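Reading through the C-alpha coordinates given below for one structure.
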Amino acid sequence: MNIILSVLMLLFVSNTAISNNEVPVSSNDKVEITIEGTDQMKFNLSEIKVKEGDTIVLTLKHVGQLPKAAMGHNWVLLAQGTDVATYATKAIRARDTEYIPEGDEAIAYTSLIGGGEETTIEFTAPAAGEYTFICSFPGHYALMQGKLIVE
(Lines of atoms letter the chains of each structure in order from A; the text may use other names.)
(Lines give C-alpha, C1' and ligand atoms only; values in the text may rest on other atoms or scores of the structure.)
Protein backbone atom coordinates (compact mmCIF):
# COMPACT_ATOMS: atom_id res chain seq x y z
CA MET A 0 0.00 0.00 0.00
CA ASN A 1 2.84 2.38 0.85
CA ILE A 2 4.43 1.66 -2.53
CA ILE A 3 1.21 2.53 -4.37
CA LEU A 4 0.81 5.70 -2.34
CA SER A 5 4.44 6.65 -3.02
CA VAL A 6 4.03 6.07 -6.76
CA LEU A 7 0.84 8.14 -6.82
CA MET A 8 2.55 10.98 -4.94
CA LEU A 9 5.51 10.84 -7.32
CA LEU A 10 3.18 11.02 -10.33
CA PHE A 11 1.28 13.93 -8.80
CA VAL A 12 4.46 15.88 -8.04
CA SER A 13 5.98 15.23 -11.48
CA ASN A 14 2.74 16.25 -13.24
CA THR A 15 2.60 19.43 -11.22
CA ALA A 16 6.19 20.24 -12.08
CA ILE A 17 5.56 19.64 -15.77
CA SER A 18 2.43 21.77 -15.82
CA ASN A 19 4.21 24.65 -14.07
CA ASN A 20 6.96 24.61 -16.72
CA GLU A 21 4.73 24.55 -19.77
CA VAL A 22 5.81 26.89 -22.51
CA PRO A 23 2.91 29.02 -23.73
CA VAL A 24 2.09 28.83 -27.41
CA SER A 25 3.89 31.68 -29.11
CA SER A 26 1.86 34.20 -31.04
CA ASN A 27 4.90 34.60 -33.29
CA ASP A 28 4.13 31.53 -35.37
CA LYS A 29 4.67 31.54 -39.12
CA VAL A 30 1.38 31.18 -40.98
CA GLU A 31 1.41 30.35 -44.68
CA ILE A 32 -1.66 31.43 -46.64
CA THR A 33 -2.40 31.00 -50.33
CA ILE A 34 -5.21 33.03 -51.82
CA GLU A 35 -6.36 32.81 -55.43
CA GLY A 36 -7.78 35.51 -57.67
CA THR A 37 -9.77 34.67 -60.80
CA ASP A 38 -10.75 36.28 -64.10
CA GLN A 39 -14.26 36.46 -62.60
CA MET A 40 -12.94 38.99 -60.03
CA LYS A 41 -13.18 36.71 -57.00
CA PHE A 42 -10.87 35.65 -54.22
CA ASN A 43 -11.24 32.02 -53.15
CA LEU A 44 -11.05 33.10 -49.48
CA SER A 45 -13.32 35.65 -47.85
CA GLU A 46 -12.00 35.19 -44.31
CA ILE A 47 -8.54 34.54 -42.89
CA LYS A 48 -7.85 34.00 -39.18
CA VAL A 49 -4.46 34.55 -37.54
CA LYS A 50 -3.05 35.50 -34.16
CA GLU A 51 -1.64 38.89 -33.26
CA GLY A 52 2.09 38.93 -33.96
CA ASP A 53 2.05 35.94 -36.32
CA THR A 54 4.43 36.12 -39.25
CA ILE A 55 2.18 35.81 -42.28
CA VAL A 56 3.58 34.48 -45.53
CA LEU A 57 0.86 35.23 -48.05
CA THR A 58 0.97 33.99 -51.63
CA LEU A 59 -1.43 35.44 -54.17
CA LYS A 60 -2.02 33.24 -57.22
CA HIS A 61 -3.84 34.62 -60.26
CA VAL A 62 -5.48 31.45 -61.57
CA GLY A 63 -7.05 33.23 -64.54
CA GLN A 64 -5.61 33.76 -68.01
CA LEU A 65 -6.09 37.46 -68.69
CA PRO A 66 -3.03 39.74 -68.63
CA LYS A 67 -2.22 42.18 -65.84
CA ALA A 68 -3.29 45.22 -67.90
CA ALA A 69 -6.80 43.83 -68.37
CA MET A 70 -7.41 41.80 -65.20
CA GLY A 71 -4.60 42.48 -62.76
CA HIS A 72 -4.96 41.40 -59.14
CA ASN A 73 -3.24 42.32 -55.93
CA TRP A 74 -3.99 41.74 -52.24
CA VAL A 75 -4.13 44.80 -50.01
CA LEU A 76 -4.68 44.70 -46.24
CA LEU A 77 -6.26 47.94 -45.06
CA ALA A 78 -5.85 49.57 -41.68
CA GLN A 79 -8.87 49.55 -39.39
CA GLY A 80 -11.17 52.48 -40.02
CA THR A 81 -10.19 52.85 -43.68
CA ASP A 82 -13.18 53.54 -45.90
CA VAL A 83 -12.87 50.92 -48.64
CA ALA A 84 -14.67 52.93 -51.34
CA THR A 85 -12.57 56.03 -50.66
CA TYR A 86 -9.36 53.99 -50.75
CA ALA A 87 -10.40 52.27 -53.99
CA THR A 88 -11.17 55.65 -55.57
CA LYS A 89 -7.70 56.91 -54.65
CA ALA A 90 -6.22 53.66 -55.99
CA ILE A 91 -7.65 54.32 -59.46
CA ARG A 92 -5.35 57.35 -59.73
CA ALA A 93 -2.29 55.34 -58.59
CA ARG A 94 -1.62 53.38 -61.76
CA ASP A 95 2.13 54.10 -61.62
CA THR A 96 2.36 52.41 -58.20
CA GLU A 97 0.25 49.39 -59.19
CA TYR A 98 -2.91 50.97 -57.73
CA ILE A 99 -1.47 51.46 -54.24
CA PRO A 100 -2.03 55.14 -53.36
CA GLU A 101 0.30 57.07 -51.07
CA GLY A 102 -0.70 57.09 -47.43
CA ASP A 103 -0.80 54.81 -44.43
CA GLU A 104 -4.07 53.00 -45.15
CA ALA A 105 -2.36 49.87 -46.52
CA ILE A 106 -0.75 47.69 -43.85
CA ALA A 107 0.59 45.16 -46.36
CA TYR A 108 0.15 44.52 -50.07
CA THR A 109 1.35 42.33 -52.89
CA SER A 110 2.52 43.41 -56.29
CA LEU A 111 0.02 43.46 -59.14
CA ILE A 112 -0.03 40.23 -61.16
CA GLY A 113 -1.70 38.86 -64.28
CA GLY A 114 -3.10 35.47 -65.24
CA GLY A 115 -0.86 32.52 -64.41
CA GLU A 116 1.39 34.57 -62.12
CA GLU A 117 1.92 34.49 -58.37
CA THR A 118 3.58 36.70 -55.79
CA THR A 119 4.45 36.28 -52.11
CA ILE A 120 4.79 38.76 -49.26
CA GLU A 121 5.70 38.38 -45.60
CA PHE A 122 4.40 40.65 -42.84
CA THR A 123 3.53 40.63 -39.15
CA ALA A 124 -0.12 40.33 -38.15
CA PRO A 125 -1.33 43.61 -36.66
CA ALA A 126 -3.13 44.12 -33.34
CA ALA A 127 -6.21 42.03 -32.60
CA GLY A 128 -9.28 43.05 -34.58
CA GLU A 129 -10.92 42.78 -37.99
CA TYR A 130 -9.22 44.15 -41.08
CA THR A 131 -10.53 44.35 -44.64
CA PHE A 132 -8.49 43.05 -47.55
CA ILE A 133 -9.21 43.96 -51.16
CA CYS A 134 -7.89 43.90 -54.69
CA SER A 135 -7.22 47.55 -55.54
CA PHE A 136 -7.20 47.14 -59.35
CA PRO A 137 -9.86 49.57 -60.65
CA GLY A 138 -13.37 48.25 -60.08
CA HIS A 139 -12.36 45.00 -58.39
CA TYR A 140 -12.80 45.91 -54.72
CA ALA A 141 -16.59 45.52 -54.83
CA LEU A 142 -16.27 41.77 -55.49
CA MET A 143 -12.74 41.05 -54.31
CA GLN A 144 -12.67 41.68 -50.60
CA GLY A 145 -12.68 39.80 -47.34
CA LYS A 146 -11.71 39.96 -43.68
CA LEU A 147 -8.47 39.22 -41.89
CA ILE A 148 -9.46 38.37 -38.32
CA VAL A 149 -6.61 38.78 -35.85
CA GLU A 150 -7.19 37.10 -32.49
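The opening residue of the sequence shown carries number 0 in numbering that gives the first Met the number 0; numbering runs sequentially from there.
We treat Cβ as the ideally placed atom computed from N, Cα and C, and that holds for glycine.
On a predicted model such as this, the values are computed, not experimentally measured, just so you know.
- Linking residue 96 to residue 43 through their CA atoms gives a straight-line distance of about 25 Å.
- DSSP lists 147 as the bridge partner or partners of residue 130.
- The alpha carbon of residue 150 has as its nearest neighbour, out of 100, 47, 37 and 59, the alpha carbon of 47.
- Secondary structure remark: continuous beta strand (DSSP E) runs of at least 3 residues inside the segment 88–136, in chain order: 105–108, 117–123 and 128–133.
- Taken in chain order, the complete alpha helix (DSSP H) segments of 4 or more residues contained in the segment 39–97 are 67–70 and 83–91.
- Counting C-beta atoms within 10 angstroms of its own C-beta, residue 45 has fewer than 16 neighbours from the protein chains shown and is therefore classed as exposed.
- For the pair of segments examined, the segment 140–149 was found to touch the segment 29–42: the number of CB pairs separated by less than 8 Å reaches three.
- With respect to the C-alpha of residue 98, the residue from 121, 137, 69 and 81 having the closest C-alpha is 137.
- By the Cβ-count criterion, residue 33 is exposed, with fewer than 16 other Cβ atoms from all chains shown falling within 10 Å of its own Cβ.
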